[in-house]
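In what follows, a single structure is set out as structure tokens and then discussed.
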Amino acid sequence: MKILGPVVTSKTIGQSYIQIRDLVPLAKKYNYSSIAILENHPKSWIDFIHTCNLYKIKPIIFFEYKNNVALLKNTEDLKKAIRIYNGMKDNLYFFASKKILRKIVYPTKRFSELINNLNGDYIRKNYSIENYIDNKLYNYILSIDTNYDISKFFVNIPNMGGFKKLYESILPIIKKIPENYMDRLKYELEIIRKLNVSDYILTVKKIIDIAKESKILIGPGRGSAVGSLIVYMLGITLIDPVKYNLYFERFLNESRQELPDIDVDIESEKRDVLIENLAKEFKVAQVRTYVRMKSKSVFKKVKSILGIDYSNKFTKKIRDKENMKLYNKPEIKDFYTLSFYLEGIETAESVHAAGVILSDKNIEDIIPLDFSRNIPATLWEMDELKLIGIEKFDLLSLDTLSLLKKFNFHYSKDKFFNLSNKNVYSMISKGLTEGIFQLESNLAKKLTRKLRPKNFNELYILLALNRPGPLNSGMFDEYLEGSSKEYLKEMLPETKGVIIFQEQVMYLAQKLGGLAAHESDNFRKAIAKKDIKKVTALKEKFISNAAKKIGEKEAKELYKKIEIFAQYAFNKSHSVAYSHLSYWIAEIKSLYPERFYLEYIKYKGFSFDLYNEIKLMNINLLLPDINFPSGKFKKSVVILPLRTIKGVGEFAEKRIFEDINKNGKYTSFEDFIKRTKNIGITRNITEQMVKGGAFNNIDKNRRKLLRKISEIEMYASDSSQKILSSVFGENLRKKDKDIVTSRNDIIAFEKDAFGFAIST
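Numbers 25 to 784, taken from my numbering, label the letters of the sequence shown in order.
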């Protein structure tokens with residue numbers, strides 16, 4: 025048996041340049057029948073076993089632990105090693121690590137010659153494992169037939185009672201729903217039962233229930249889940265899908281192989297609280313992610329090694345086929361070799377921004393975990409977890425919800441029916457959209473002024489069009505001009521005959537193309553992903569059936585239009601749900617503009633665009649005031665918080681706020697220096713606040729105050745008050761008269777403090 029190894033993979037950050045995606049193909053190329061990896065963690069195991077299986081190469085895993093090494097013979101050994109790694113006790117046979125003479129850490133000989141900063145060998149063509157380990161261990165390996173089954177690592181979704189429990193949960197509501205909802209309800213129930221996704225849906229419901237019990241604000245829904253009546257009835261989403269003609273098949277249909285996605289938006293400040301509360305109900309883990317080298321950082325590193333730069337010869341991704349020809353150019357060959365193997369190398373570990381695993385079983389027994397955080401994180405990434413059938417639940421932080429919470433926002437029936445405030449649409453139509461969810465970008469402002477939405481329908485259409493794709497494809501212009509063909513205007517009156525939503529692609533596929541509901545979603549996905557193999561049969565069926573209704577020429581033209589627009593068509597369910605958030609935050613802004621701007625600045629910071637908009641709203645924007653560190657607002661006036669000054673930050677603002685609460689307002693510049701010198705307010709912070717005009721209500725002469733700082737610090741101890749009084753009583757006052765702060769000084773100071781001048 026020809027065994028390559030022992031190999032350290034790049035998942036052992038900083039100790040190897042061998043990625044699994046390179047390791048296994050290279051082993052296959054060199055006719056190795058088996059690969060042995062040796063690491064002190066299980067991070068690479070699932071990916072390694074899976075990739076070896078794809079290439080029909082036998083995987084062998086050595087586990088290094090406390091200067092000893094175990095050869096893992098089977099799946100049970102893998103689980104034992106994971107339990108040991110997780111800090112539990114288990115039985116594994118270990119031998120001394122000195123039996124391992126050398127490790128392989130470089131992918132190729134040339135790569136090792138060029139970079140050569142690690143202690144280890146490179147992958148050789150005919151150099152098997154017996155050259156790297158002692159004879160006794162080699163014979164032991166030959167005597168064992170390793171066999172790993174990664175399906176044994178499956179962690180089930182919590183058992184929440186299945187379809188029976190789901191049905192019981194909606195029974196009280198069924199009696200209240202209108203008659204015309206019943207057919208839709210029965211249809212959804214049948215699909216959910218058939219696809220066995222009840223426990224998944226009920227787990228999300230439990231997440232929502234725990235959030236509500238914890239008084240955590242959750243979004244009204246996001247993504248295709250908003251198209252489900254059942255999900256709406258369970259209170260997971262808050263948008264009536266029948267009212268907005270949203271498609272359940274976009275969320276779930278009988279041809280779907282994977283679980284549906286029900287992502288949950290959470291007020292950003294409370295996400296960790298929610299996860300901690302979920303941990304009281306379930307076994308919870310966050311999901312590991314890695315920071316990997318991308319082309320920009322790769323080229324920078326390669327340039328530093330070789331002293332040459334050929335990055336302009338490459339397309340965006342180094343491993344694109346178009347770049348392979350560079351390998352054959354002698355002057356670029358080394359640059360290409362290093363770049364090829366460095367792209368994708370792990371450089372740091374992190375956790376998934378949204379994903380968590382929930383189970384009712386003890387996951388510590390089968391998944392390796394990092395316990396350095398309050399909530400442990402898996403050592404396997406999401407793609408690896410999917411290989412063993414594990415699904416994550418996405419809990420996404422959303423600042424807009426935190427901002428709404430600041431205004432005591434809560435859900436009520438009228439919030440979903442009263443969406444017609446003219447002041448809201450007037451403000452949006454003028455492009456005054458700073459702080460309005462999904463409409464803050466320059467593109468959004470441009471589109472709002474062109475489209476000028478007058479009602480909620482036009483608002484969610486605007487959100488769907490607010491992307492470069494619809495603008496560049498002609499979709500936006502066609503909608504604005506109303507230039508679609510009459511039959512399309514009749515079929516798609518909501519969007520003037522323009523295919524803006526993914527659901528409209530599905531609708532046309534069903535009504536004109538004769539496709540079944542689940543086929544229409546497959547049709548939509550295949551076109552959007554340019555999956556020629558999948559789309560061909562459906563395309564023929566669509567054109568054939570559509571030709572009977574609108575003629576062959578028109579059917580082919582319509583298909584071409586769908587082909588273009590389907591790439592940019594937006595999920596209507598998502599657009600409708602998020603437009604509610606846009607409307608609610610815009611309404612708060614229109615009702616309480618001064619308070620809104622102050623709160624928004626605290627969340628997102630201060631910018632020139634925001635400054636200009638506040639002026640356009642006829643609000644007097646004042647410089648920060650040291651005695652109102654968190655800012656202040658009143659009718660037509662906003663005082664900026666101290667944190668808007670560069671170099672000050674939220675921490676300093678908080679310490680000053682606490683000092684004022686305890687000891688009262690500052691009566692002089694000297695008083696401020698004396699009181700804050702021991703609470704973390706550095707000289708640099710004080711200087712920046714002076715430049716930002718924070719002491720104007722004490723003394724407008726900023727140059728004078730900047731000069732005073734050193735002299736005050738010198739005498740600011742309690743035992744030196746008499747000296748301080750004497751110095752400032754006479755000597756410095758005479759010098760102060762000669763110091764003047766000019767208009768140009770103010771402009772320069774404020775540019776330093778804010779990036780632009782405010783008070784001139």
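All C-beta atoms, glycine included, are put in the ideal place defined by N, C-alpha and C.
Reference residue i; option with closest CA among the options
i	options	result
Gly413	Tyr484, Thr784, Ile70, Ile37	Ile70
Lys304	Leu382, Pro517, Asn352	Leu382
Leu647	Ile782, Gly331, Tyr360	Ile782
Gly493	Ser444, Ile588, Ile722	Ile588
Lys160	Lys349, Leu125, Ile722	Leu125
Leu666	Arg679, Ser660, Lys658	Arg679
Phe778	Ser766, Met713, Glu737	Met713
Leu142	Glu415, Gly38, Val672, Leu409	Gly38
Asp389	Ala105, Asn496, Asn55	Ala105
Val179	Asn163, Asn386, Leu615, Leu276	Asn386
Glu346	Leu330, Asp358, Phe364, Ile329	Phe364
Thr33	Thr519, Phe306, Leu47, His376	Leu47
Asn150	Glu611, Lys52, Phe119, Pro66	Lys52
Asn163	Met25, Phe719, Ala377, Asn546	Met25
Leu512	Lys558, Ile586, Asn546, Ile705	Ile586
Phe480	Phe500, Lys558, Lys520, Ser444	Ser444
C-alpha distance - residue i paired with residue j, whole-angstrom precision
i	j	result
Leu195	Lys439	25 Å
Leu489	Lys554	21 Å
Ser319	Thr371	13 Å
Lys613	Asn442	16 Å
Leu78	Tyr621	56 Å
Phe652	Asn725	19 Å
Ile391	Lys176	11 Å
Asp742	Ser631	Caution is warranted here: a pLDDT of 48 is assigned to Asp742, below 50, making its placement in the model unreliable, and no coordinate value can be reported.
Ser465	Glu527	26 Å
Gly379	Asn642	43 Å
Lys469	Ile663	26 Å
Ile747	Glu735	For Ile747, the pLDDT reaches just 49, beneath the cut-off of 50, and the residue's location in the model is therefore unreliable, leaving the point undetermined.
Glu100	Tyr191	39 Å
Val751	Ile669	Summary for Val751: the model assigns pLDDT 48, below 50, so the residue's position carries little reliability, and this model does not support an answer.
Glu674	Thr700	15 Å
Val266	Thr560	32 Å
Asn204	Ile263	17 Å
Ser68	Val221	30 Å
Ile216	Ser544	19 Å
Met515	Glu623	44 Å
Pro517	His74	50 Å
Ile638	Glu415	45 Å
Leu138	Ile329	8 Å
Leu483	Leu475	9 Å
Asn644	Val661	5 Å
Arg473	Ser453	5 Å
Val297	His434	19 Å
Glu300	Lys294	10 Å
Check whether residue i and residue j have beta carbons under 9 Å apart
i	j	result
Pro49	Ile153	no
Ile460	Ser599	no
Lys97	Ile174	no
Glu655	Ile709	One detail in the question is off: residue 655 reads as Gly in this sequence, not Glu. Cβ atoms of Gly655 and Ile709: not closer than 9 Å.
Ser193	Leu219	no
Ile260	Lys239	no
Ala593	Ile524	yes
His604	Ser279	no
Val308	Leu366	no
Could I get the ranges of all uninterrupted alpha helix (DSSP H) runs contained in the region 156 to 206, with 4 residues as the minimum, in chain order? 159 to 166, 186 to 198
Are the region 416 to 424 and the region 440 to 449 in contact at 8 Å, needing three or more beta carbon pairs? Segment contact: the region 416 to 424 against the region 440 to 449, fewer than three CB-CB distances shorter than 8 Å; contact not assigned.
Under 8 Å, with one C-beta from each stretch per pair, do the region 395 to 409 and the region 308 to 315 reach the 3-pair mark? yes
Inside the region 631 to 681 only - alpha helix (DSSP H) runs reaching at least 4 residues: 632 to 640
Three or more C-beta pairs under 8 Å: does that hold for the region 570 to 577 against the region 533 to 548? yes
Would you list, in sequence order, the uninterrupted beta strand (DSSP E) runs of no fewer than 3 residues that lie entirely inside the region 272 to 323? 288 to 291, 307 to 316
The region 154 to 174 in contact with the region 110 to 125 per 3-pair CB rule at 8 Å: yes
Any contact of the region 103 to 120 with the region 322 to 340, i.e. 3+ C-beta pairs under 8 Å? no
Are the region 273 to 292 and the region 242 to 253 in contact at 8 Å, needing three or more beta carbon pairs? yes
Let me know the alpha helix (DSSP H) ranges lying completely inside the region 207 to 259, each 4 residues or longer, listed in chain order. Complete alpha helix (DSSP H) runs here, min 4: 222 to 237, 253 to 257.
Inspect the CB distances between the region 50 to 64 and the region 72 to 90 and report whether three or more fall short of 8 Å. yes
May I have a chain-ordered list of the alpha helix (DSSP H) segments no shorter than 4 residues that lie completely inside the region 556 to 641? 556 to 574, 576 to 589, 596 to 615, 617 to 628, 632 to 640
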